[in-house]
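Scroll down for the structure; my scribbles are underneath it.
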Amino acid sequence: MTIGSIGGTYGLSGSGMDIDAIVKKLMTGQQAKADALLQKKTIAQWQKAAYNSMYVDINNFRTTLFDYKLQGTLSPNKVSSSNPSNTSVATVSASADAADVNHSLVVAQLADGIKLTSTASLSPAGTTIDRTSIATQLYAGVAINDISVTITNGSSSTTIAVNPNGTLNDFVSQINNAGINVTANYDSTLDRFFLTTNNSGSNAAISFAGSNASGMTFLDKLKLPLLSGSNISSSSQVQTTLAYINPALSLGSQFTNLTNSTLKLTNSNGTTQIISIGTGNSLNDLMGAINAGTNATASFDSTTGKFSITPTNGGTLSIDGSDQSAKDLFAQLHLPANFNSGKVTTSITGVYTPVAFNAGSALNTQFGEFSTFTSGQTFTLKIATGTDTPTSVTIDPTVDSLNSMLTKISSVTNVSATYDSTTGKVMLSSTNGKSLNFTGSDAAGTSFLVNTLKLQQSGHDAVFKLDGVSLTEASNSFNISGVTYNLTGVSTNAAMLSTSVMDTTVGEVTNISVTSDVDKAVASIQSLVDSYNKILAEVNGKLNETRYKDYLPLTDDQKAAMKDSDITAWNAKAQSGMLHNDTTLTSLVNSMRNAFSGPVSGIPATNVNGSFITYNSAASIGITTGDYTEGGKLYLDTNKLRTALQANPNVLNQLFGASGQTTTGGVTTTDTQKQGIAGRLYDGIKTSLDQLVEIAGASAQIDTKSNYAKKISDYTKQISNQADRFSTMESAYYKKFNAMEVALQQMNSQSSWLSSQLSSIGG
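Counted from 1, the sequence shown has number 467 at position 467 by the numbering used here; the numbering is strictly sequential.
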């Protein structure tokens with residue numbers, strides 16, 4: 001860079017001297033100082049860039065080392081099947097921690113979710129479909145009441161207020177945005193509606209219980225098979241009839257599992273009551289006994305049905321010393337489990353006692369929707385399996401009970417219907433393996449099945465036999481003992497005894513063998529050796545690169561006098577050796593060599609044909625260093641490594657992956673003698689990288705903290721100051737020469753005047 005900008009030639013009016021040339025010559029020393037500063041800054045920038053480039057490459061190598069601390073890299077497994085003809089059953093992979101053993105697999109059923117599709121086009125064939133809104137498309141001018149549709153998938157549920165003025169696609173969006181793991185779609189070409197659960201297994205189940213009458217009608221217009229599948233069951237108890245407890249009746253008649261018991265009621269103020277409770281006593285009797293003491297008061301609110309007990313004198317109560325029957329009574333009074341507190345009140349509105357549901361009584365006496373039905377008023381169920389013609393079953397709620405209704409349903413060919421009084425659930429199933437459906441049932445019948453009986457269609461778990469044990473999984477992909485199975489099909493001849501139980505006596509077996517993958521392990525170590533050699537060669541190359549100190553960065557004047565080819569050749573030498581013999585990189589190379597050369601202590605010997613061999617060093621498994629002139633380059637004897645792996649499949653994990661860490665008193669320390677090679681390399685390189693960051697930063701991005709960043713910033717300031725001094729000095733020189741020219745001009749003017757005067761006198 002040349003500094004200087006003002007000047008001129010004054011020969012026409014003064015001295016005739018080339019003032020620019022004179023000033024430039026006078027400023028030569030200052031220009032040299034400016035050039036020297038710029039050269040120093042350029043060299044610092046080159047060195048920083050060299051460090052940054054080295055940091056990136058070393059850090060990339062270190063990142064790959066992390067995998068060599070993991071068992072998955074060091075002890076890979078492979079899976080093979082002895083039954084290639086049955087590969088359509090499953091694909092299998094094994095992690096490093098999977099045991100090298102054989103497994104047997106028979107798949108009887110794949111996991112599946114629920115898929116509901118309109119049984120026919122929503123509009124009659126040949127009609128013009130007006131999809132402007134749900135009202136115009138499905139109701140054709142018929143008055144529409146409020147439509148409320150409840151969709152439940154397992155434990156997730158949503159209630160959607162359907163807008164008749166919106167479109168079916170709007171309804172689709174409402175479902176898809178509800179977060180219940182259900183996806184909806186309307187295909188306008190097919191004119192059909194689709195619902196699918198995104199989860200699978202027996203926990204995936206679609207229920208429409210809770211939808212109002214208009215909602216059920218709307219679902220019917222979508223022609224969705226609300227109840228279909230080979231297995232349909234209640235999602236919860238069919239009916240839970242509850243009544244408030246009567247505090248005057250005996251406890252034994254209103255609470256379960258009670259015996260004559262002893263209540264020990266202790267107040268933290270130091271008083272204790274021992275109260276005997278008989279099953280014939282009432283809640284009023286119990287409260288009277290408590291209130292007769294001095295450590296607590298008890299009460300029952302007949303309006304809310306809540307029982308309360310309050311300690312006196314601001315203490316806290318405990319029933320810890322009571323027998324189990326007394327504790328069970330307090331639990332059935334719905335008092336909080338953490339009873340040790342101040343005033344304790346029943347946690348629900350009302351202390352309830354269950355009233356047993358009678359499946360043999362007429363439906364209209366137990367279910368509110370039939371309470372207004374009169375004799376002869378019926379509803380109809382349409383029942384079919386597969387594509388068979390539906391069978392009509394007529395139910396009279398004034399005569400038929402739940403049991404008789406289920407008997408009528410079971411009379412349909414290939415259909416079974418039962419009620420479990422223990423769980424309070426109804427179970428409907430097909431006995432021929434085909435899908436059971438109730439499409440075509442009237443509104444009252446569909447509502448009763450869906451809303452009251454809470455029937456829902458459920459997905460299927462995957463059912464299989466692994467190593468002779470029958471198991472189920474909600475997904476077709478699962479991991480057992482380090483082996484990941486992806487089921488893709490059913491085994492030949494496999495059969496189910498029920499919807500969730502397989503017939504373990506049949507089904508073609510797929511034999512799966514998990515073994516150590518020696519080829520993959522060898523390839524992995526070869527890759528490490530290659531990566532190591534590459535970064536080592538790069539670092540050694542920078543350390544040994546010649547530094548040409550006489551080749552400084554070119555100045556602008558020097559470049560102007562040179563050819564482009566000469567400039568390129570000069571710069572190549574000027575930038576050579578920026579990291580020559582750098583101490584940080586030299587230390588890194590030594591650390592890398594030591595990581596491979598030093599033994600790893602604590603590795604037990606391996607019995608190889610009666611001889612004990614200790615694979616505790618890189619050399620012991622075939623990794624050796626070349627000639628000293630190669631700067632520590634590694635070589636891998638793959639045959640020796642294979643021999644070691646066959647003798648001890650865990651040898652790489654022991655040699656490379658050992659952490660060497662121990663924790664004492666919450667403090668973790670690392671013993672480098674026991675630390676694996678990968679850990680030594682990883683930690684050693686981290687030390688050098690930290691030093692490089694301190695020296696020159698991590699990259700060429702904004703850096704103000706490193707030593708070189710500060711050095712370059714200092715040079716920038718010096719160059720700026722030097723430019724200011726240069727400008728000031730140059731301006732001073734020109735000012736002096738300007739003054740000289742003015743004086744000379746004045747002298748010339750006076751001389752001309754005198755000459756003219758003398759000429760006139762002489763004339």
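All C-beta atoms in this analysis are idealised placements derived from N, C-alpha and C, irrespective of residue type, glycine included. Keep in mind that this is a model prediction, so the values were computed, not measured.
C-alpha gap between residue i and residue j, whole angstroms
i	j	result
Val172	Ser211	17 Å
Ser759	Ser752	11 Å
Leu645	Gly622	11 Å
Ser827	Phe357	Absent from the model: residue 827. The displayed extent of the chain is 1 to 763, so no value can be given.
Ser706	Ile712	10 Å
Ile6	Asn52	At Ile6, the pLDDT of 48 sits below 50, so the modelled position is not reliable and the matter cannot be decided from this model.
Pro311	Ser401	50 Å
Leu116	Ala443	19 Å
Val589	Lys549	25 Å
Thr629	Ile613	31 Å
Phe262	Asn295	This sequence places Thr at residue 262; Phe is not what is there. Rounded to the nearest angstrom, the two C-alpha atoms are 17 Å apart.
Thr546	Pro76	44 Å
Thr64	Ile535	12 Å
Ile245	Gly305	7 Å
Ala90	Ser148	43 Å
Ser458	Ile206	7 Å
Ile409	Ala495	26 Å
Leu226	Ser133	23 Å
Ile3	Tyr635	Low confidence applies here, because Ile3 scores a pLDDT of 49, under 50, leaving its location unreliable; read the following figure in that light. Ile3 and Tyr635: Cα-Cα distance of roughly 57 Å.
Ser371	Gly321	49 Å
Ser156	Thr197	11 Å
Ser756	Val23	36 Å
Leu195	Thr365	36 Å
Thr643	Val107	38 Å
Ser411	Ile395	13 Å
Pro84	Ala647	Summary for Pro84: the model assigns pLDDT 49, below 50, so the residue's position carries little reliability; its value from the coordinates is reported in the next sentence. The straight-line gap from Cα to Cα measures roughly 29 Å.
Asp564	Ala709	30 Å
Thr687	Ser93	38 Å
Thr316	Gly665	39 Å
Sequence-distant residues of its chain with Cβ nearer than 7 Å to residue i (five each side left out)
i	result
Val399	Ala362
Ile43	Pro553
Lys382	Pro390, Ser392, Phe438, Thr439, Gly440 and Ser441
Ser118	Arg192, Phe193, Leu222, Lys223 and Leu224
Asn169	Tyr186
In DSSP terms, what residue i is bridged to
i	result
Arg192	Asp187
Thr418	Met427
Ser524	In the DSSP output, where bridge partners are listed per residue, Ser524 has none listed.
Val107	Phe464
Ala732	Answer is none; Ala732 lacks a bridge partner.
Ile151	Thr158
Val667	Thr664
Residue i, buried or exposed, once every other Cβ within 10 Å from all chains shown has been counted against 16
i	result
Ala618	buried
Pro397	buried
Glu473	buried
Thr73	buried
Tyr682	buried
Glu694	exposed
Thr217	buried
Beta-carbon contacts of residue i that lie in its chain and below 6 Å, excluding the five residues immediately before and after
i	result
Gln661	Thr668 and Thr670
Trp46	Gln575 and Met578
Ala178	Thr158
Contacts around residue i, its chain only, beta-carbon distance under 8 Å, and the 5 residues preceding and following it disregarded
i	result
Val238	Phe357, Leu402, Tyr419, Gly424, Lys425, Val426, Thr452, Leu453 and Lys454
Ser80	Ile512, Ser513 and Thr515
Met54	Glu538, Val539, Lys542, Leu579, Leu585 and Leu692
Thr189	none
Asn181	Asn153, Gly154, Ser156, Thr197, Asn198, Asn199 and Ala204
Distance cut-off 8 Å: residue i Cβ against heavy atoms of the ligand SAH
i	result
Gln45	The model depicted lacks the ligand SAH and carries no ligand whatsoever.
Quiz item: Are at least three pairs of beta-carbons, each pair with one atom in the region 665-682 and one in the region 61-72, less than 8 Å apart?
Solution: A contact is defined here as three or more CB-CB pairs under 8 Å, and the region 665-682 meets this definition with respect to the region 61-72.
Quiz item: Touch check for the region 567-583 and the region 649-669: three-plus C-beta pairs under 8 Å?
Solution: At 8 Å Cβ cutoff, the stretches do not touch.
Quiz item: Between the region 84-104 and the region 512-522, do at least 3 Cβ pairs fall closer than 8 Å?
Solution: Taking 8 Å as the limit for Cβ pairs, the verdict is that the region 512-522 does touch the region 84-104.
Practice problem: Could you say if the region 361-379 and the region 422-435 meet the contact criterion of at least three C-beta pairs nearer than 8 Å? | Solution: They do not touch, by the three-pair rule.
Self-check item: At least three beta-carbon pairs within less than 8 Å, the region 472-492 to the region 253-262
Solution: Contact annotation: the region 472-492 does not touch the region 253-262, with fewer than three C-beta pairs closer than 8 Å.
Practice problem: Give a yes or no on contact between the region 30-46 and the region 716-735, applying the rule of three or more CB pairs nearer than 8 Å. | Solution: Verdict: yes, contact present.
Exercise. Please confirm if the region 126-135 is in contact with the region 484-493, defined as three or more CB-CB distances below 8 Å between the two stretches.
Key: Verdict: no, contact absent.
Quiz item: Do the region 490-506 and the region 521-532 touch if we need at least three Cβ pairs shorter than 8 Å?
Solution: In short, these stretches do not touch, since the Cβ pair count stays below three.
Quiz item: Does the region 498-506 come within contact of the region 593-600, defined as at least 3 CB pairs closer than 8 Å?
Solution: In short, these stretches do not touch, since the Cβ pair count stays below three.
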